[in-house]
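S.K.: Line by line, the protein sequences give chains U and W.
Start counting the first sequence at 73; every next residue gets the next number (the working numbering).
Start counting the second sequence at 753; every next residue gets the next number (the working numbering).
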Amino acid sequence: MRKYVIWSVVLIVAFGLIAFFFLKPGSKPFKFGLDLVGGTELIYKADTENVSNIGDAMQSLKGVIERRVNVFGVSEPLVQTESAGIISGNKDERLIVELPGVTDIEEAIRLIGLTPVLEFRLAKKNTAEILKTNPDATPQELFDSTGLTGRFLSKARVNFEQSTGAALVGLDFNTEGAELFAKVTREHKGEVLGIFLDGQVLSAPVIQDEIANGQAQITGSFTPEEAKSLVRDLNYGALPVPISFLASKTIGATLGEEALNSGLRAGVIGFIALALFLIFWYRLPGLVATIALISYIILSLSIFKLIPVTLTAAGLAGFILSIGMAVDANVLIFERTKEELKKGKSIHESLHEGFHRAWFSIRDSNIASIITAVILFWLGTSAVKGFALTLGLGVLISMFTAISVSRTFLFSIARESKGEVAESKFKRFLFSNGFHVRN
Amino acid sequence: MYVIKYRKFWFVLSGLLMALSAFGIFKYGFNLSIDFKGGTITEVRYEGDLSAQAGRMDKAVVEENIEKLSASWRIGGFSVRPSESDRYIIRTKELSIEESAKLIEAIGNPGVERSNTIGPIAGGELQSKAVKAILVVVIMIVLFVTFAFRKVSLPVSSWKYGFATIIALVHDVVIPTGIFVFLGHISGLEIDLLFVTGLLAILGYSVHDTIVVFDRVRENLRINSDRNQNEEFDITVGKSVQQTFGRSINTSLTIFITLFALYLFGSSATHDFALLLMIGVIVGTYSSIFVASPLLVTFQKLQKK
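1. Taking only beta-carbon atoms, is residue 118 of chain U less than 8 Å away from chain W?
2. If residue 433 of chain U sits next to residue 467 of chain U, beta carbons under 8 Å apart, how far is it from one beta carbon to the other, in whole angstroms?
3. Whose C-alpha, out of W/907, W/866, W/1008 and W/772, is nearest the C-alpha of residue 1055 of chain W?
4. Helix or strand or just coil, what does DSSP make of residue 414 of chain U?
5. From residue 834 of chain W to residue 811 of chain W, what does the alpha carbon distance come to, in whole angstroms?
6. Can you find a CB in chain W that lies within less than 8 Å of the CB of residue 451 of chain U?
7. Apart from the five residues just before and just after residue 206 of chain U, which ones in its own chain have a Cβ nearer than 8 Å to its Cβ?
8. Taking buried to mean at least 16 other C-beta atoms within 10 Å of its own C-beta, is residue 344 of chain U buried or exposed?
9. Which chain U residues are close to residue 952 of chain W, counting only those with a beta carbon under 8 Å from its beta carbon?
10. Start and end of the beta strand (DSSP E) containing residue 116 of chain U?
11. Among U/405, U/444 and U/413, which has the Cα closest to the Cα of residue 426 of chain U?
12. Report the neighbours of residue 337 of chain U on chain W: residues whose CB is nearer than 7 Å to its CB, in chain order.
13. Over what stretch of residues does the alpha helix (DSSP H) that includes residue 277 of chain U continue unbroken?
14. Is any beta-carbon of chain W found at less than 8 Å from that of residue 129 of chain U?
15. Counting along the chain, where does the beta strand (DSSP E) carrying residue 1006 of chain W start and finish?
16. With a threshold of 8 Å on Cβ separation, who are the neighbours of residue 924 of chain W within its own chain once the five nearest residues in sequence on each side are excluded?
17. If the cut-off is 7 Å on Cβ atoms, which residues from the stretch 389–404 of chain U count as contacting chain W, listed in chain order?
18. Between U/330, U/154 and U/448, which lies nearest to residue 836 of chain W when the distance is taken from Cα to Cα?
19. Tell me, please, whether the CB atom of residue 844 of chain W is closer than 8 Å to any CB atom in chain U?
20. May I ask which residues mark the beginning and end of the beta strand (DSSP E) holding residue 513 of chain U?
21. Out of W/819, W/887 and W/829, point me to the one whose CA is closest to residue 854 of chain W's CA.
22. State the CB to CB distance for the pair residue 840 of chain W and residue 796 of chain W, rounded to an integer number of angstroms; the pair is presumed to be in contact (CB under 8 Å).
23. Grab me the residues of residue 1029 of chain W's own chain with a C-beta within less than 6 Å of its C-beta, minus the 5 sequence neighbours each way, in chain order.
24. Could you tell me whether the Cβ atoms of residue 474 of chain U and residue 401 of chain U are closer together than 8 Å?
25. State the Cα-Cα distance for the pair residue 935 of chain W and residue 941 of chain W, rounded to the nearest angstrom.
26. Taking DSSP's pairing of strands, which residues face residue 840 of chain W in a bridge?
27. Going by alpha carbons, who is nearest to residue 414 of chain U out of U/338, U/501 and U/436?
28. With distances taken between CB atoms, is the gap from residue 396 of chain U to residue 1006 of chain W smaller than 8 Å?
29. Do residue 381 of chain U and residue 96 of chain U have their beta-carbon atoms positioned less than 8 Å apart in this structure?
30. Within 8 Å of any Cβ in chain W, is that where the Cβ of residue 103 of chain U sits?
31. Of all the residues that make up the stretch 968–992 of chain W, which are near chain U by a beta-carbon distance shorter than 9 Å?
32. Just the Cα atoms here: how many angstroms apart are residue 893 of chain W and residue 445 of chain U?
33. Would you please state the rounded distance, in angstroms, between the beta carbons of residue 480 of chain U and residue 80 of chain U? I believe it to be under 8 Å.
34. So residue 215 of chain U packs on residue 196 of chain U, CB below 8 Å; how close in whole Å?
35. So, at 8 Å on beta carbons, what are the nonlocal neighbours of residue 948 of chain W in its own chain, with the 5 sequence-adjacent residues on each side left out?
36. Going along the chain, which residues of its own chain have a beta-carbon closer than 7 Å to the beta-carbon of residue 944 of chain W, five neighbours each way excluded?
Shown next, in the form of structure tokens:
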């Protein structure tokens, strides 16, 4: 049985290392949902009725919205699309925007509802002075509007510069736009003309000469893909597909923090209560189950970080619930072991039978839990998905920790008795459980 | 084993509880949250204690102020409910952003802790999705149980294990729902998406317990046939229930311990959820011992006639 002792040491070291690398302060942080950190979630329905290539249009929509959200200066915004169909259970294409830390929902919605604006602005004469007094001056403060915008475009296309092969974006203005463009370039020769998309500078060429043919080129440092997506966005006009508001959710930062703290507190108290129960009722195996439970917690939390799983209030609840369920397998095994002990078998033999016989009911009952978790994930809005994910992962991970980890530890403690050496009453007491102390 | 012997008593008890729940559901209806019917929920926080004199706004005043808004737009029915010591939770029909801002202004510009708006279409869609999810879970679990016990055919065929599981599952959905509808009636508890999530988790859990007992029946039947023993089926089931009684209680107890911690110390967002799961664990454990297993015996007796 030296094998089990060695494995026990390996496991302890392995879990220690996992805990050290993944859970020490300063390692990769957990990903918390909006309901725990505060923020705003907006859900839109995309009207794809008149769109031929839905996937393409949604991708473009996502890109446009992402760019706008980034301008907003939100840390780690999340823009997702959710397609219609049986898998998602939605009747329509959806756009979900998560803005952590943003609680001004009015501003958020206004920003997302904005049409992307392509603008041509002239640099102010006194840009140097402005920058001197205000180094953080926005492009808007440095450039004057010319009135020429993407509204006057008739078409945008991808061009390639002949000498270098660099990607360019070619613009064709409509008649009105061509006149305006000619006027601006005629009157401001030698000045810098900034080309802006959603308030960000794409390029700022110097006007060389009057351009009368209504054509312009943007020579930012585009990759061909970027040029293509910009052209697509410009040609699609405002948004590639019209969106309408479905739902919104805002949670204040303090409320989120309270939810997080109380969730953690509940988890810790639940764990301690559970450990006490296990040790009092199942004695030595209970202690081993508690160690298996600790390794379960270490492993799950590390996996939550790695995937990463977004932890929501419901997700935390799912995890706390899974702590209770993780010891299920142990309870089944120990009860079975007790039965075998009562039949007069040796400790080692009883443990062996306990693990072997309990396995089928553990397997079958856990499959049922996994089925439920999968369907919950399908039902899911973000809150429910979090619950389903932590619960489902929990069941899988706990099958490993509750069975393999506790098995290794228990067998390294309970050596196979050689010959007819009677086991001491004390030892049998340690491995037994419940009120039935006497055999 | 008394569980099997007095099975009619347990059936009547469960039947009564289910009938009572069904009656409650028909009488009071579901107190649906905005998740399912659309609307806006706004939680506002006033500086200082609501019960203190200074800086507070009385509930009646808040209601009056919201009422006044109906002059400019149809605000419809709404409810104001105090929460914690310094907050109100206001439920209204679905509000646009501008309307929401107007509402906050009308009640003295308190801080907005949380606001949640769901369009009626999204709500309706979720409602049908939730019902579908529950049905799919029940069907999948029954198919799985039938599959898992496919090799057991004597003296009750494997689909009857599945059928007994369905009845237990329906039992486990109906009774907690009934309790929540009743609580909704007296204390305003709402049926929201987390409620459905909880119900599904209960289903997964309840079948977990049922399988433990059935697995033992399966094992005992095998032992009997190996030893060429002719044991009455009700004795076998009774023995199996007795042998697994301790572990059924203990596995439920471990979950109950963590849920109780979640209920007492957890965030208010998951308070009702934890309550539902605690009720579910109790009902689910009860049903796997006192409903599903005795049902197997009943099926076998019916078959014999």
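Beta carbons are placed, not taken as given, at the ideal position from N, Cα and C, and that holds for glycine.
The model shown is predicted, which means the values in this text are computed figures rather than measured ones.
M.R.: Quick answer:
1. no
2. So it is not a contact: roughly 14 Å between Cβ atoms.
3. W/907
4. helix
5. 8 Å
6. yes
7. 213
8. exposed
9. 444, 447, 448 and 451
10. 111–118
11. U/405
12. 1017
13. Segment: none, residue 277 of chain U is in no alpha helix (DSSP H) and carries neither H nor E.
14. no
15. Premise fails: residue 1006 of chain W lies in the alpha helix (DSSP H), 985–1017, not in any beta strand (DSSP E).
16. 954, 955, 958, 1032, 1035, 1036 and 1039
17. 389, 392, 393, 395, 396, 397, 399, 400, 403 and 404
18. U/330
19. no
20. Residue 513 of chain U is absent from the model: chain U starts at 73 and stops at 511.
21. W/819
22. 5 Å
23. 950 and 1011
24. yes
25. 6 Å
26. W/796 and W/834
27. U/501
28. yes
29. no
30. no
31. 968, 970 and 971
32. 12 Å
33. 5 Å
34. 7 Å
35. 882, 885 and 886
36. 785 and 787
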